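Engineer: Below you will find the structure I want to go over with you.
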């Protein structure tokens with residue numbers, strides 16, 4: 378059946394298939410033998426995604442103080458928000474009682490404002506971290522890290538810094554969606570790679586720089602579209618001796634040379650033939666950046682997924698889910714959630730459900746919890762409603778009453794209303810993918826956050842353009858300087874581990890802040906949208922993330938494989 382998005386600024390027509398309805402029926406919760414059917418969504422897929430990621434702040438973190446022990450912490454909430462935040466140790470301790478903040482549902486009012494008020498009053502971890510964390514305090518939306526700094530949306534990494542979407546990486550820095558890789562710098566969408574510099578869309582490739590769309594390559598420089606090649610420069614095959622001689626003339630310690638090679642790679646890409654999608658080992662799939670997937674539809678940035686639809690950034694195994702954003706790791710049988718995973722099951726309309734959580738409905742930041750409804754900031758709990766403890770019998774009697782009330786208010790089956798978000802829209806992940814001006818956001822009734830973190834303390838401020846061209850000419854005292862970003866004008870500092878890596882690998886110091894570098898890489902990825910197009914070779918109709926008005930040459934998969942092999 379066809380639906381019309383109910384958002385006043387959208388009104389897009391979208392399809393709800395019989396398979397979708399079967400999925401909703403299968404995931405509908407059951408209480409005391411009665412099934413409470415999940416209705417078809419009111420919003421189109423894009424508006425549903427925007428609503429989910431408008432509830433999370435992944436990257437805007439500031440210095441604050443734990444409200445329990447007064448220790449200095451990094452926080453996802455601004456100091457003026459009034460939100461209580463605890464350090465990780467205090468939040469998991471017995472120094473406070475989670476159910477102290479519990480409230481009774483008010484059946485005279487809609488539930489979404491009540492859930493949001495509970496979220497704002499209940500202590501949260503200052504930053505979102507799960508599992509074992511070693512020397513990685515300055516990270517957020519992460520788990521199982523060792524010796525990492527300023528990572529977001531990252532798991533199972535060691536000795537990494539300034540990365541987004543990192544999974545099982547070692548010694549990688551300044552990257553975007555690098556998986557199972559080691560010693561990679563300034564890379565985007567690299568998978569199972571080693572020793573890469575400024576590469577994008579590469580797989581099983583090592584000891585190379587400035588590559589795009591290369592698989593199984595080694596010792597290559599400034600190349601695009603190669604397969605199983607060695608000793609190539611600008612797509613020209615050389616002998617080992619010729620390659621090594623040519624590489625001796627290249628000095629990546631020079632910022633000007635580094636930028637020249639980045640621009641040259643972009644020029645080479647204009648002549649390159651691109652496949653309609655990025656991905657491999659797929660069966661009945663549509664979307665982009667899919668790896669080892671089966672029956673994954675309209676989804677992006679998925680690894681080891683099966684039976685997924687409208688899902689984004691689910692890696693390391695996700696099964697039987699619709700409308701999900703981040704992070705996966707064996708998440709199953711779930712719908713309309715954001716930042717959930719790590720062996721969790723049957724989560725509905727939940728933001729941040731972690732570590733073996735099951736049967737959560739309308740919950741916000743939960744760890745190791747089961748059978749909870751409308752709860753916020755809890756761990757190791759069961760049969761709780763709005764943070765109040767109930768018996769199993771009481772729980773199964775009260776939850777259906779709330780569901781019936783939410784049906785009457787039109788809230789049942791929808792995720793939390795963005796109007797009640799506990800994060801300013803401009804500080805959320807949605808601002809990256811669906812940018813709005815402050816006026817546009819406020820017109821929709823959404824929150825906006827004008828808080829600006831104070832600049833770092835420093836003995837000297839230097840303009841980015843004043844940095845020496847060669848990193849070898851930069852003194853150790855640069856660690857005491859603040860550099861003014863050449864784009865935003867904001868100050869940032871170089872960390873000691875960072876400087877060590879620049880010198881060890883032979884790279885220039887950056888002229889842009891970590892956040893701006895992240896946005897630069899983000900801008901080089903295709904949008905999360907499929908366009909109707911035609912193969913530039915055989916003219917077959919294709920669905921691709923390359924819009925028809927873009928200059929790239931795009932082939933269907935069959936024509937592309939004939940071209941590159």
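Numbering (this note's numbering), first residue to last: 378 to 942. Glycine included, every Cβ here is placed at the ideal spot set by N, Cα and C. Keep in mind it's a predicted model, so treat the numbers as computed, not measured.
Would a C-beta distance cut-off of 8 angstroms place residue 596 and residue 578 closer than the cut-off?
Structural biologist: Contact flag unset, no.
Engineer: Where do the ends of the beta strand (DSSP E) carrying residue 817 lie?
Structural biologist: Premise fails: residue 817 lies in the alpha helix (DSSP H), 815–820, not in any beta strand (DSSP E).
Engineer: Would you please state the rounded distance, in angstroms, between the beta carbons of residue 554 and residue 678? I believe it to be under 8 angstroms.
Structural biologist: Between residue 678 and residue 554 the Cβ distance is about 6 angstroms, and since that is below 8 angstroms, they are a contact.
Engineer: Hey, would you say residue 780 sits closer than 8 angstroms to residue 413, going by beta carbons?
Structural biologist: In contact: residue 780 and residue 413 (Cβ atoms closer than 8 angstroms).
Engineer: Return helix, strand or coil for residue 572, following the three-state DSSP convention.
Structural biologist: Looking at residue 572 - three-state DSSP - the assignment turns out to be strand.
Engineer: Would you report the Cα separation of residue 896 and residue 408, rounded to the nearest angstrom?
Structural biologist: C-alpha separation (whole angstroms): 45 angstroms.
Engineer: Would you kindly work out how many angstroms separate the C-alpha atoms of residue 561 and residue 614, rounded to a whole number?
Structural biologist: Rounded to whole angstroms, residue 561 to residue 614 spans 24 angstroms at the Cα level.
Engineer: Cβ atoms of residue 754 and residue 481: under 8 angstroms apart, would you say?
Structural biologist: No, the pair does not count as a contact, with Cβ atoms beyond the cut-off.
Engineer: Taking only the alpha-carbon atoms, compute the straight-line gap between residue 792 and residue 612 and give it to the nearest angstrom.
Structural biologist: Going by the C-alpha atoms only, they are around 49 angstroms apart.
Engineer: Would the segment 810–817 and the segment 424–434 be scored as touching if the rule is three or more Cβ pairs under 8 angstroms?
Structural biologist: As far as the Cβ criterion goes, the segment 810–817 touches the segment 424–434, which means the pair count is three or higher.
Engineer: Within 8 angstroms, do at least three Cβ pairs link the segment 787–801 to the segment 479–499?
Structural biologist: Yes: at least three Cβ pairs fall under 8 angstroms.
Engineer: Run through the DSSP bridge pairs and tell me what residue 555 is partnered with.
Structural biologist: Answer is 567.
Engineer: Using the beta-carbon count (16 or more within 10 Å), is residue 726 buried or exposed?
Structural biologist: Buried, because 16 or more other Cβ atoms sit within 10 Å of the Cβ of residue 726.
Engineer: How would you call residue 902, buried or exposed, if buried means at least 16 neighbouring beta carbons within 10 angstroms?
Structural biologist: Buried, by the Cβ-count rule.
Engineer: Over what stretch of residues does the beta strand (DSSP E) that includes residue 724 continue unbroken?
Structural biologist: First-last of the beta strand (DSSP E) with residue 724: 722–725.
Engineer: Just verifying my parser: in three-state terms, what is the DSSP assignment at residue 387?
Structural biologist: Looking at residue 387 - three-state DSSP - the assignment turns out to be coil, as it is neither helix nor strand.
Engineer: So what's residue 586 in DSSP terms, helix, strand or just coil?
Structural biologist: Residue state, collapsed to three classes: strand.
Engineer: What are the boundary residues of the beta strand (DSSP E) that includes residue 515?
Structural biologist: Where residue 515 is concerned, there is no enclosing beta strand (DSSP E), given that its DSSP letter is neither H nor E.
Engineer: I need the straight-line Cα distance from residue 712 to residue 698, nearest angstrom please.
Structural biologist: Computed Cα separation, rounded: 6 angstroms.
Engineer: Any idea which residues DSSP pairs residue 437 with across the strands?
Structural biologist: According to DSSP, residue 437 bridges with nothing at all.
Engineer: Taking all protein chains shown into account, do 16 or more other C-beta atoms lie within 10 angstroms of the C-beta of residue 343, making it buried, or fewer, making it exposed?
Structural biologist: In the structure as shown, the chain starts at 378 and stops at 942, and residue 343 therefore has no counterpart that could be examined.
Engineer: Extract the residue ranges of the alpha helix (DSSP H) inside the segment 651–736, only unbroken runs of 4 or more that lie entirely within it.
Structural biologist: Qualifying alpha helix (DSSP H) stretches: none in this window.
Engineer: Give every residue of the same chain whose Cβ lies closer than 7 angstroms to the Cβ of residue 840, excluding the five residues on either side of it in the sequence, and list them in chain order.
Structural biologist: Once the five neighbours on either side are set aside, the close Cβ partners of residue 840 are 861.
Engineer: Return the chain-ordered ranges of every beta strand (DSSP E) run that is complete within the segment 843–927 and spans a minimum of 3 residues.
Structural biologist: Correct list: 858–861, 908–911, 918–921.
Engineer: Inspect the beta-carbon positions of residue 415 and residue 790 and report whether they are closer than 8 angstroms.
Structural biologist: Yes; because the gap between Cβ atoms is below 8 angstroms, this pair is in contact.
Engineer: Would residue 676 and residue 920 be called neighbours here (beta carbons separated by less than 8 angstroms)?
Structural biologist: Result no, Cβ atoms of residue 676 and residue 920 do not sit closer than 8 angstroms.
Engineer: Given 8 angstroms as the limit, is there contact between the segment 816–831 and the segment 841–854, that is, 3 or more CB pairs closer than that?
Structural biologist: The segment 816–831, when compared against the segment 841–854, does not touch it at the 8 angstroms Cβ threshold.
Engineer: To which residues does DSSP link residue 501 through a beta bridge?
Structural biologist: Looking at the DSSP assignment, residue 501 forms a beta bridge with 462.
Engineer: Based on the DSSP output, what are the partners of residue 411 in its beta bridges?
Structural biologist: Per DSSP, 408.
Engineer: Can you tell me whether residue 485 is helix, strand or coil according to DSSP?
Structural biologist: Reduced to three states, the DSSP call for residue 485 is coil.
Engineer: Straight-line CA distance for residue 591 to residue 467?
Structural biologist: Looking at the two C-alpha atoms, the distance is approximately 47 angstroms.
Engineer: For residue 515, I'd like the list of residues in its chain whose CB is within less than 6 angstroms of its CB, leaving aside the five on either flank, ordered along the chain.
Structural biologist: Closer than 6 angstroms at the Cβ level, and outside the excluded window around residue 515, lie 451, 526, 527.
Engineer: With 16 other CB atoms within 10 Å as the buried threshold, where does residue 823 fall?
Structural biologist: Buried, by the Cβ-count rule.
Engineer: Is the beta carbon of residue 673 closer than 8 angstroms to that of residue 432?
Structural biologist: The answer is no: Cβ separation not under 8 angstroms.
Engineer: If you run the structure through DSSP and keep just helix, strand and coil, what is residue 379?
Structural biologist: Residue 379: strand per DSSP, three-state reduction.
Engineer: Taking the alpha carbon of residue 741 as the reference point, which residue from 719, 733, 766, 714 has its own alpha carbon closest?
Structural biologist: Considering only alpha carbons, the answer is 714.
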